[in-house]
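> Please read through the structure below; I'll follow up with questions.
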Amino acid sequence: MKSKIKMERHESDMSLVSASLASEPGADCPLCPRLVSYRAANRQAYPAWFNAPVPGFGARDARLLVVGLAPGLKGANRTGRPFTGDFAGTLLYETLLRFGFAEGSYEARADDGLALRDCRIVNAVRCAPPANLPQPGEINTCNRFLMATLQEMARLEAVLALGVVAHGAVLKACGIPPARFRFRHGATYQLPDGLLLADSYHVSRYNTATGRLNGAMFAAVVEDIAARLTPRG
Ligand code: SF4
C-alpha cells in the first residue's frame, strides 16, 4: 500500500484530496439496501442516536490502524465513535491506553476526551448491521472505504485486524487473495508492500465471556505491534 501512496503523492495535490474524501462515506450512503433500511428504522426509533456510517477515529498520519467488524447498534451506532458505548470498547481502549496508543480515559462516550496517539480505528463495515452480522455483499461493498483509508495513511506501518472478517477485508483492500494469509489469533504477516498485518480475536463481549480472548492475550498482540513499529526519532 505504501508504494501506491507514494505514486499518488507524485501525481498532484488533488489526488490526495480525493483519496481523503473517499475514505469516509456520506451520512446517507445508499450502497447497501439492507443496511440503509436498518439505518432508517433506527433513525425513527432512536432519533437522538448517531445512526449513520461511523467515521474513522484518529489521525490519518498514524502508524497503526485497528480494523474492527461493524458498529454495534447501541455502541458506535449510538455514539458515533468506533468501539464506544458498548463492552467491546473497554478492552480495546484500555489496552491502547496501556501501550501508549491513546491518552485520557475511556468513559464510553464520544465526548470523554479520549485521544488516540499514532493510532486510527475504523470498521470494515461502516454501518450497523442487524444482529451485528454484516452480509458478505455488504462487507465487499464497504471495502472501498477501507481501501481509501489504507491509501491515505502515508505513515502506516501496521494494521491490527480484529477477527476474521476484518482480516479478510484488509487483504481484499490490499488486493491480496484471502488464501495467501490465513486468520489466526496472534499471527503476524509481512504483506508484500511492507505493511505488518497482525491478527487478534475480536474484543467482543462474546469472545471474552467464552474465554476465547482475555486481556492478557489481547495485550500480547498490541505489545508485539508496538515493539515492531519504527522507533520514533
Ligand atoms: S456499509 Fe458502507 S457501503 Fe454499505 S451503506 Fe454503509 S457506508 Fe455505505
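So the numbering used here is basically just the index in the sequence shown, starting at one, shifted up by 289.
Ideal Cβ placement from N, Cα and C applies to all residues, glycine included.
1) Using the C-alpha atoms, what's the distance from GLY457 back to GLY345?
2) Look at the alpha carbon of ALA376 and the alpha carbon of ASN366, and state the distance between them as a whole number of angstroms.
3) Within 10 angstroms of its Cβ, does GLY393 collect 16 or more other Cβ (buried), or is it exposed?
4) Does DSSP classify GLY357 as helix, strand or coil?
5) Between ASN429, ALA399, PHE388 and PRO423, which has its C-alpha nearest ALA516's C-alpha?
6) In the DSSP output, what is ASP488 paired with across the bridge?
7) For the alpha helix (DSSP H) that contains CYS463, what are its first and last residues?
8) From what residue to what residue does the alpha helix (DSSP H) around VAL510 run?
9) Beta-carbon within less than 7 Å of PHE390's beta-carbon, same chain only, minus the 5 sequence neighbours each way: which residues are those?
10) Would DSSP call TYR395 helix, strand or coil?
11) With DSSP as the reference, label MET477 as helix, strand or coil.
12) Quick check: does the Cβ of ARG415 come within less than 7 Å of any heavy atom belonging to the ligand SF4?
13) Does the Cβ of VAL325 lie closer than 7 Å to at least one heavy atom of the ligand SF4?
14) What number of angstroms, rounded off, separates the C-alpha of THR438 from the C-alpha of CYS463?
15) Which one of ALA399, PRO481, HIS474 and PRO360 has the shortest CA to CA distance from ALA420?
16) Who are the near neighbours of THR368 in its chain, counting only those whose CB is closer than 7 Å to its CB and skipping five residues on each side?
Put simply:
1) Reading the sequence shown from its first residue, position 56 is the one you call residue 345. Reading the sequence shown from its first residue, position 168 is the one you call residue 457. Near 19 Å, if we compare the C-alpha coordinates of GLY457 and GLY345.
2) Stepping through the sequence shown from its first residue, residue 376 is reached at position 87. Stepping through the sequence shown from its first residue, residue 366 is reached at position 77. In the sequence on display, residue 376 carries Phe and not Ala. Looking at the two C-alpha atoms, the distance is approximately 13 Å.
3) Taking the sequence shown and counting its residues from 1, one reaches residue 393 at position 104. Burial call: exposed.
4) Locating residue 357 in the sequence shown gives position 68, counting from the first residue. Note: GLY357 maps to strand in three-state DSSP.
5) Taking the first residue of the sequence shown as position 1, residue 516 is located at position 227. The residue with the shortest Cα to Cα distance from ALA516 is PHE388.
6) Reading the sequence shown from its first residue, position 199 is the one you call residue 488. DSSP, once it has assigned bridges, lists ALA450 as partnering ASP488.
7) Numbered from its first residue, the sequence shown carries residue 463 at position 174. That residue, CYS463, is in no alpha helix (DSSP H); it is neither H nor E in DSSP.
8) Residue 510 sits at position 221 when you count from the first residue of the sequence shown. Where VAL510 is concerned, the enclosing alpha helix (DSSP H) stretches over 504-517.
9) The count along the sequence shown starts at 1 and reaches residue 390 at position 101. Excluding residues within five positions, the ones whose Cβ falls inside 7 Å are LEU353, LEU405, ARG406, ASP407 and CYS408.
10) As a first step, residue 395 is located in the sequence shown; it is residue number 106 there, counting from the start. Coil.
11) Along the sequence shown, one-based indexing puts residue 477 at 188. According to the sequence displayed, residue 477 carries Thr and not Met. Reduced to three states, the DSSP call for THR477 is strand.
12) The residue given as residue 415 occupies position 126 in the sequence shown. Indeed, a heavy atom of the ligand SF4 lies less than 7 Å from the Cβ.
13) Position 36 of the sequence shown, counted from the first residue, corresponds to residue 325. It does: the Cβ of VAL325 is within 7 Å (strictly closer) of some heavy atom of the ligand SF4.
14) In the sequence shown, the residue the question calls residue 438 occupies position 149. In the sequence shown, the residue the question calls residue 463 occupies position 174. Cα to Cα, THR438 sits roughly 11 Å from CYS463.
15) For the purposes of this step, residue 420 is identified with residue 131 of the sequence shown, where counting begins at 1. Ranking ALA399, PRO481, HIS474 and PRO360 by Cα distance to ALA420 puts PRO360 first.
16) As a position in the sequence shown, residue 368 is number 79, starting the count at 1. Taken in chain order, the residues that qualify are PHE339, GLY374, ARG398 and ALA399.
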